[in-house]
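Asker:
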Amino acid sequence: MSGSQNYINHVALVLDASSSMSHLSRKVVEVADQQIAYLARRSRELDQETRVTVYVFADKVECVIYDKDVLRMPSLKQLYQVGGMTALLAAALKSQRELAQTAQLYGDHSFLTFVLTDGQENVSHRCPDAPAQDPRELVQAVAEMIETQEVNWTLAVLVPDQMGKREAMRCGFPKDNIAIWDATSTQGLEEAGQVIQQATEKFMVGRSQGIRGSRAVFSTGAEAVNKDTIEAAGLTPVDPSQYELIPVARDAAIRDWVVECGHTYRTGGAFYQLSKSEKIQPRKQIAVVEKKTDRVYSGPEARALLGLPDVDVRVKPDHNDDFTIFVQSTSVNRKLVANTRLLLML
60 MSGSQNYINH
70 VALVLDASSS
80 MSHLSRKVVE
90 VADQQIAYLA
100 RRSRELDQET
110 RVTVYVFADK
120 VECVIYDKDV
130 LRMPSLKQLY
140 QVGGMTALLA
150 AALKSQRELA
160 QTAQLYGDHS
170 FLTFVLTDGQ
180 ENVSHRCPDA
190 PAQDPRELVQ
200 AVAEMIETQE
210 VNWTLAVLVP
220 DQMGKREAMR
230 CGFPKDNIAI
240 WDATSTQGLE
250 EAGQVIQQAT
260 EKFMVGRSQG
270 IRGSRAVFST
280 GAEAVNKDTI
290 EAAGLTPVDP
300 SQYELIPVAR
310 DAAIRDWVVE
320 CGHTYRTGGA
330 FYQLSKSEKI
340 QPRKQIAVVE
350 KKTDRVYSGP
360 EARALLGLPD
370 VDVRVKPDHN
380 DDFTIFVQST
390 SVNRKLVANT
400 RLLLML
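Count the sequence shown with the working numbering and you get residues 60 to 405, in order.
#1: By Cβ distance, which residues of its chain are closer than 6 angstroms to L83, with the 5 residues on each side in sequence left out?
#2: Candidates G223, I255, S357, N236: which alpha carbon is nearest D92's?
#3: Put D126 into one of helix, strand or coil per three-state DSSP.
#4: So, is K261 buried or exposed, given that buried needs 16 or more other C-beta atoms within 10 angstroms?
#5: Can you check DSSP and say which residues form a bridge with Q387?
#6: For the stretch 276-364, list the alpha helix (DSSP H) runs that are entirely contained and at least 4 residues long, ordered along the chain.
#7: State yes or no: is the C-beta of M404 within less than 7 angstroms of the C-beta of Y324?
#8: If we count Cβ pairs, one from each stretch, closer than 8 angstroms, do we get three or more for the stretch 123-140 versus the stretch 167-175?
#9: Need the endpoints of the beta strand (DSSP E) that V113 sits in, please.
#10: Considering only C-alpha positions, which residue in the set V216, E250, H184 is nearest to K86?
#11: For N392, does the three-state DSSP call read helix, strand or coil?
#12: Can we say the stretch 222-239 touches the stretch 65-72, given the rule of at least three CB pairs closer than 8 angstroms?
#13: Could you tell me the alpha carbon to alpha carbon distance between V396 and Y125, rounded to whole angstroms?
#14: Would DSSP call Y165 helix, strand or coil?
#15: Nearest-angstrom Cα distance between D369 and A329?
#16: On a Cα-Cα basis, can you pick out the residue from V318, A308, L158 that is closest to C127?
#17: On the DSSP bridge list, what partners appear for T172?
#18: Within the stretch 207-252, note down every full alpha helix (DSSP H) run reaching 4 residues or more, in order along the chain.
#19: When the Cα atoms are used, what is the spatial distance from A151 to R342?
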């Protein structure tokens, strides 16, 4: 790629506007507007051009904004109205088919789509935008479309429960591009917005390192954290004389355990192993430890590797055979979990 080519991101939000979303409709607008403001800010900071498309779907699928410069986006307030059933498959097909007609001349173009739904597909077979009437054929059509998308396409979906996740997998969505959100409350929708923001951050930072698409936008597992992504993120190992990894033999408060192991506790110098889903604040540092060698990688790039934006965000530890994630503790009584490890910066 020649140096003069610019990065052009085409980000699409495909939003469920069926009747069951009515209790969340004001919040949907707020979360979508926040996401767009965030995209605008990061596009400026990373010097990437971002163009936004918004689809809403109920009985039919409607494009309400097409490929518009993120710096000139209106609020979705007037554009998001709820009512009807859930043409989820038709929405996935139409959004990707139409976006595929976008010109990709002169520049490094990449497409990122988030589909947000609170329910199961139930009306695509009657939808004018669907290519088939048979529900099974529709599932097949979505799976084939995802399978044949180019490397610079990323398609992710947020579903309300495990059943929705199974359905999405049956339609060919990559497992790590499916997230579950709590569709019963505005709080759940706010958290879904944070998940989208985290995935977008990971995507945009990846773009600036030459990564064009992802099949693991919601993952902290092996697809997201491995030798290649660590190298691509520009992470270098910490000098082994600067840290110690200490086994945690029983549940204990972090300061007590550090002192008991013969060290001095200083705030911010100890990192706990991420062992359950937690909220991570923007000022918390992250370290990644290679299991085989105990090599530690840390620094601002480690946050970028996980796509952590500069707002509070919930992160869960996904399965990874080779690397473990550690989070900086800034409290004295953070509960350490037995049979994990503690990373102490000396």
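Ideal Cβ placement from N, Cα and C applies to all residues, glycine included.
Answerer: The relevant details are as follows:
#1: Around L83: L248.
#2: Selected option, being the one with the closest Cα: I255.
#3: For D126, the secondary structure class from DSSP, reduced to helix, strand or coil, is strand.
#4: Its Cβ being crowded by 16 or more others within 10 Å, K261 is buried.
#5: DSSP output for Q387 lists F330 as bridge partner(s).
#6: Residue ranges of uninterrupted alpha helix (DSSP H) with 4 or more members, entirely inside the stretch 276-364 and ordered along the chain, are 286-291, 313-319, 359-364.
#7: Result no, Cβ atoms of M404 and Y324 do not sit closer than 7 angstroms.
#8: Short answer: they don't touch.
#9: Segment 108-116, the beta strand (DSSP E) holding V113.
#10: For the residues V216, E250, H184, the minimum Cα distance to K86 belongs to E250.
#11: The answer is coil: DSSP assigns N392 none of H, G, I, E or B.
#12: Per the Cβ contact rule, the stretch 222-239 is not in contact with the stretch 65-72 (fewer than 3 Cβ pairs under 8 angstroms).
#13: Going by the C-alpha atoms only, they are around 49 angstroms apart.
#14: The answer is coil: DSSP assigns Y165 none of H, G, I, E or B.
#15: Their Cα atoms are separated by approximately 21 angstroms.
#16: Per the sequence shown, the amino acid found at residue 127 is Lys instead of Cys. The shortest C-alpha separation from K127 is found at L158.
#17: T172 pairs with A71, L214.
#18: 221-229, all fully within the stretch 207-252.
#19: Computed Cα separation, rounded: 36 angstroms.
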